[in-house]
Amino acid sequence: MPQTPAPAQAPVPGAWEELVTSALLGTERRTPPGHAPGRAAPTALLDAAAVETVRRRAGLRPARSAERLEPAPEDPRPPLPAAAARRLTMLLADRPGTAGGGRRGTAPDLMELLPQWLAAANARGFAAPPQTLPALLDAARGRTDLRPATLTFAGPRALWLARLNPDWRFALRAAPGGGAALPRPEDTARVRQLWEEGLFAERVALLAALRARDAAGARELLASTWPTERAEDRLMFLDSLRTGLGPQDEPFLERALADRSRNVRATAAELLSALPGSALAARMAARALTCVSVDRTGAAPAIVVEAPHECDADMERDGVVPKPPAGRGERSWWFGQLVEAAPLGTWPARLGGRTPEEIVALPVADDWQSELHAAWCRAAVRQRDAGWARALLGSPTAPEAGGPGAVSLAERAKLLGTLNAGERAEWVAGFIATHGLSEAFQLLGMCAVPWAAPLGRAVVDALNIARDAGSYPWSFSGVMGLAERCLDPSEAGRLDGLLAIPDETEDASPGAGGYWAEAFQRLVTTLRLRAAMTEELGAP
Amino acid sequence: MTQQGVRWSADQVLALAPDAASRKAGSKLGAAGPWSEAGSSDEGTVWGLCKGSGSKPYQTIVDIADVSGPAYKCSCPSRKFPCKHALGLLLLWAGGEGAVPTAQAPDWAEQWISGRRRRAEEKSAADSPGSGPGAGDPDAARRRAERRAERITAGATELEQRLTDLLRGGLAGVEQAGYGMWEETAARMVDAQASGLAARVRELGAIPASGPGWPVRLLEECALLHLLGQGWLGRDRLPDDLAATVRARVGLPVSPDGPPVRDNWLVLAQYDTADTRLTTRRIWLHGVESNRTALLLSYGAAGRAPELALPVGLTLEAEVSAYPGGGRQRASLGKQFAPPAPTAIRPPGVSTTRAAARYGEALRDDPWLESVPVTLERVVPVPDGDSWQLADADEDTALPLTPATHHRPGLWRLVALSGGEPVKVFGECGHRGFTPLAAWPADPGPAVQLC
Chain A
1 MPQTPAPAQA PVPGAWEELV TSALLGTERR TPPGHAPGRA APTALLDAAA
51 VETVRRRAGL RPARSAERLE PAPEDPRPPL PAAAARRLTM LLADRPGTAG
101 GGRRGTAPDL MELLPQWLAA ANARGFAAPP QTLPALLDAA RGRTDLRPAT
151 LTFAGPRALW LARLNPDWRF ALRAAPGGGA ALPRPEDTAR VRQLWEEGLF
201 AERVALLAAL RARDAAGARE LLASTWPTER AEDRLMFLDS LRTGLGPQDE
251 PFLERALADR SRNVRATAAE LLSALPGSAL AARMAARALT CVSVDRTGAA
301 PAIVVEAPHE CDADMERDGV VPKPPAGRGE RSWWFGQLVE AAPLGTWPAR
351 LGGRTPEEIV ALPVADDWQS ELHAAWCRAA VRQRDAGWAR ALLGSPTAPE
401 AGGPGAVSLA ERAKLLGTLN AGERAEWVAG FIATHGLSEA FQLLGMCAVP
451 WAAPLGRAVV DALNIARDAG SYPWSFSGVM GLAERCLDPS EAGRLDGLLA
501 IPDETEDASP GAGGYWAEAF QRLVTTLRLR AAMTEELGAP
Chain B
1 MTQQGVRWSA DQVLALAPDA ASRKAGSKLG AAGPWSEAGS SDEGTVWGLC
51 KGSGSKPYQT IVDIADVSGP AYKCSCPSRK FPCKHALGLL LLWAGGEGAV
101 PTAQAPDWAE QWISGRRRRA EEKSAADSPG SGPGAGDPDA ARRRAERRAE
151 RITAGATELE QRLTDLLRGG LAGVEQAGYG MWEETAARMV DAQASGLAAR
201 VRELGAIPAS GPGWPVRLLE ECALLHLLGQ GWLGRDRLPD DLAATVRARV
251 GLPVSPDGPP VRDNWLVLAQ YDTADTRLTT RRIWLHGVES NRTALLLSYG
301 AAGRAPELAL PVGLTLEAEV SAYPGGGRQR ASLGKQFAPP APTAIRPPGV
351 STTRAAARYG EALRDDPWLE SVPVTLERVV PVPDGDSWQL ADADEDTALP
401 LTPATHHRPG LWRLVALSGG EPVKVFGECG HRGFTPLAAW PADPGPAVQL
451 C
């Protein structure tokens, strides 16, 4: 409160200041005015100061108000149901660092459930309770992966708040234009103006937003200023054409193949090769087909590879990188790029009318198999060809699927991405049933949440087997954590049999049974919690 | 009395937690997983078995209808109070009928509950005749009190001498003198059994390091300490109420003497302050009928949470008796007639001008008062340079927030709640500024805790 006593009550103006000065210097050196020096002076000073202190405090008045804030914009979304608001409070109370770490115990990891909760709340379009905004912003500040969903949920008031606290400045950066809304695609004049005058980040955001709504319009906007853009900007803008890529983009991309920047050329070539009907794809197919043929002279037909002998200027123009990375031969490097960019649909005709499965099953002469299959994998991912992906993935129960085969786990994970969710889950379920969980983490990450029933059952069965095998649960903590977040909550009932501590067998690790029971309890608790969370938010 | 509709909210349960770690641990236990045989009775008892790290589950019981606030019992070894199991159980219960159904209490719970009820009845029976059995010989008690008063008088006299010496030599010297001289003086006051004087002396020691303007603050506190010392030495000549205030401020034990006021008491705020010796819990209550605001104090040894914990935002129908002195702000919680229940009631508010005046008026009864409880009507948090103030929505006046408020998360909850629009705020208004403790949004909604 300001130290402004009411003037009418002040007996002597400046009396208090005189008292402070005397007190600082000491009554030996200075006696306050109106008091006699000597032994009684300190007491007299204290008496006067006491009166003055109480008088000053009793006379306090409010200050003048500072300039008012512009009120926060209205959030038209409906408020959270009461139970969901309570749940949010609990999820946010579980912030990392508020208690010692250590063993996880049977309690669910609430912070890990926040992303799911936010996604569910956003899907239903609820507004955040205002008083939770600081905790939400703090959570998003610590975890960049949480930011998009958190800021969507937190809504316009969070941006208003972030302008007042430097700790939350990230929220303004995350929102394009410092929180100002992008112009609507129909508002061509404003779109045009922002495109021509905006900052780089604003222009990238504008192009991405426009491309999602109106692919052709975005391309035309980009083409209108293309020659005047800087090389690194061209690369970023070109990248945004990945969204909604279609045959109509081909003429523009063909022109970009002649770009001054090598990175722009390579990106244009990559985009064109993802369009199986494009002229570039046809050129690459013609090149690749001459390298691969079926040799029928042996006992069984086999694929023979004759890698290109040179990388000519036309190949370079079509995006083939001439110089291989260290440790790779030039010819296999060029070959891999040709096959990767060739449309997969051209191979059956070239290889005796065989199906993709039959082609993949053919032996490959002279150790070219891994090179050829890896290139086909990249092509299947780039062209999103589920038929070829299925063939290359093979049967999940095949013995070589679990070990180091021609197709690595990382490639498998990418191939899975081209299949639909149900097929993906089924493949991974089959894989786990045969090979267990030790290699499954990356593949599980590709599966849709919540896990489909066969996949969930496979994971639970595999965990059960791992427990019976006598290992400790923390060897599977990654999969356990995923299961807590991804298993369908309706599976909780099936887990009841696993909650008890089993009798310890001789070959089991000491005490493992108790830790497993604890891990399964946490799993069940988390699933119940997720079911409750979803129920509290109501139907989407 | 029935449990229907009076389950608390998660916020209210979490407010009982003694610290942030317990809040987190309790939140994790607020789900069905580790619990079995959980249930609640219509008399306001909740119980359950919680699976811990050992083989035997912990037995947790909470009596929310207890006359002196919620009571907890748990077989876990934790020294936290309430422990995480009690918090988790209450959260589970707050979650709804499904997880904690109404049921018959099991034997182990029933024993504890009936034991408590019996002891409570014995206690009230013992209290009623007047002097308890512990009072002993009234003559001996009087002699003890006289001896203590003599010691305090000696201490106050010594303190006066030290203050006089200090002012004779000048306050400028204390910046170099350091903390030692104050600690020694404070220890002398502890010896003199004047804990109130000792605490004030210790606070004096921190002022020279408290930043610009310290000489003014040091002189103010020295003067008020002198006033208190003089008040003690001349207490015979003071009006009764002021003398009672001086006795309480010096550190003599006081007991409530006001008549019990039965009312629906809305729990406005609860917060703890701690120094190296003691944790002090303050709970502000607002009487819905009496329109009185009362302060409950509860103490715990260093590092331990005080026992009394009330759910913020609920009302409890109870009796409250005022302590003598200090404007009769402090009170003790007496008999409770019903479990705490949710309410839509908010305390009536005043303008910023009226709030400042109210502090000035309260100094008449207690010149040592740091702040008074006030509810502000229609105020907006506004940044003012590096600090914040609560500006009156309808006048050109504002109360600055206390400097300590700027580092608390509650400030941002208040700003977020307001969104630049007027809100109702309860807090403490004093010479350092306003400390917000609870706020209500403009539209209907529960109180938001800021402390």
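Chains as they are written, first to last, in full-length UniProt numbering: chain A, 1 to 540; chain B, 1 to 451. For glycine and all other residues, C-beta sits at the position ideal for the given N, C-alpha and C. Only a predicted model underlies this, so the values are computations on that prediction, with no experimental measurement involved.
Residue closest to B/L285, alpha-carbon to alpha-carbon, out of B/D384, B/I345, B/L390: B/I345
Should A/S386 and A/T418 be called a contact, given that it needs their Cβ atoms to be closer than 8 Å? Reading off the sequence shown, one finds Ala at residue 386 of chain A, where the question assumed Ser. The Cβ atoms of A/A386 and A/T418 lie closer than 8 Å to each other.
Write down every uninterrupted run of the alpha helix (DSSP H) in the segment 155-217 of chain B whose length is 4 residues or greater and which is fully enclosed by it, in chain order. 174-177, 180-191, 195-206
Just checking: is the beta-carbon of A/R328 within a distance shorter than 8 Å of some beta-carbon in chain B? no
Contacts of B/P383 in chain A (Cβ-Cβ under 8 Å): Taking a Cβ-Cβ threshold of 8 Å, the residues of chain A close to B/P383 are A66, L69, L164, in chain order.
Give me the chain B residues within the contact set of A/E28, using Cβ-Cβ distance strictly less than 8 Å, ordered along the chain. R168, G169, G170
Near A/M446, which residues of its chain fall below 7 Å by C-beta distance, leaving aside the five closest residues on each side in sequence? Within its own chain, the residues whose Cβ lies closer than 7 Å to the Cβ of A/M446, once the five positions on either side in sequence are excluded, are A413, L416, G417, R424, listed in chain order.
Residues of the segment 398-418 of chain B with Cβ closer than 7 Å to any Cβ of chain A, in chain order: A398, L399, P400, P409, W412, R413, V415, A416, L417
Just verifying my parser: in three-state terms, what is the DSSP assignment at B/L424? Before going on, a small fix: residue 424 of chain B reads as Lys here, not Leu. Taken through DSSP and simplified to helix, strand or coil, B/K424 comes out as strand.
Classify A/T188 as buried or exposed, calling it buried when 16 or more other Cβ atoms lie within 10 Å of its own Cβ. exposed
Run through DSSP, which three-state label would B/K335 get? strand
In this structure, how does DSSP classify B/K24 when only helix, strand and coil are distinguished? helix
Using a Cβ cut-off of 8 Å (strictly closer), state whether B/Y359 contacts chain A. yes
Using a Cβ-Cβ distance under 8 Å, would A/L537 count as near chain B? no
Helix, strand or coil: which one does DSSP assign to A/G403? Below a pLDDT of 50, predicted positions are generally treated as unreliable, and A/G403, at 46, falls in that range; the measurement from the model is reported next regardless. In this structure, A/G403 counts as coil in the three-state DSSP scheme.
Cβ of B/L90 within 8 Å of Cβ of B/Y271? Cβ distance not < 8 Å, so B/L90 and B/Y271 don't count as in contact.
Where do the N-terminal and C-terminal ends of the beta strand (DSSP E) with B/G360 fall, by residue? No beta strand (DSSP E) contains B/G360, which is instead part of the alpha helix (DSSP H) from 352-365.
Thinking just about the alpha-carbon of each residue, which of A/W195, A/L527, A/F200 is nearest to the one in A/L222? A/W195
Mind checking if B/S9 is an interface residue toward chain A, Cβ cutoff 8 Å exclusive? yes
Leaving out five residues on either side along the sequence, give the residues of the same chain with a beta carbon under 7 Å from the beta carbon of A/D75. A127, G155, P156, R157
Sequence-distant residues of its chain with Cβ nearer than 6 Å to B/G300 (five each side left out): T279, P306
Less than 8 Å between the beta carbons of B/Q389 and B/L376, yes or no? For B/Q389 and B/L376, no; Cβs fall outside 8 Å.
Would you mind reading off the limits of the alpha helix (DSSP H) that contains A/C291? 279-291
So that I know if they touch, is there some Cβ in chain A lying closer than 8 Å to that of B/L227? yes
Taking the beta carbon of A/V449 as the centre, do at least 16 other beta carbons fall within 10 Å, making it buried, or is it exposed? exposed
Taking all protein chains shown into account, decide if A/E340 is buried (16 or more other Cβ within 10 angstroms of its Cβ) or exposed. A/E340 comes out buried.
Step through the CB atoms of chain B and report whether any lies within less than 8 Å of the CB of A/P108. yes
Helix, strand or coil: which one does DSSP assign to A/A180? At A/A180, the pLDDT of 48 sits below 50, so the modelled position is not reliable and the matter cannot be decided from this model.
Proximal residues to B/R358 (C-beta, below 8 Å), its chain only, five neighbours per side dropped: V350, V372, V374, C429
Would you give the residue range spanned by the beta strand (DSSP E) that B/F434 belongs to? 433-440
Beta-carbon proximity of B/A194 to B/V261, cut-off 8 Å: No, the pair does not count as a contact, with Cβ atoms beyond the cut-off.
Any chance the segment 415-430 of chain B sits against the segment 377-387 of chain B, with 3 or more Cβ pairs inside 8 Å? yes
Taking DSSP as the reference, what is the three-state secondary structure of A/H309? coil
Coarse secondary structure for B/G33, derived from DSSP in three states: coil
I need the straight-line Cα distance from B/P446 to B/G313, nearest angstrom please. Answer to the nearest angstrom: the Cα atoms are 7 Å apart.
Output, in chain order, the set of chain B residues within a Cβ distance shorter than 7 Å of A/A72. G419, G420
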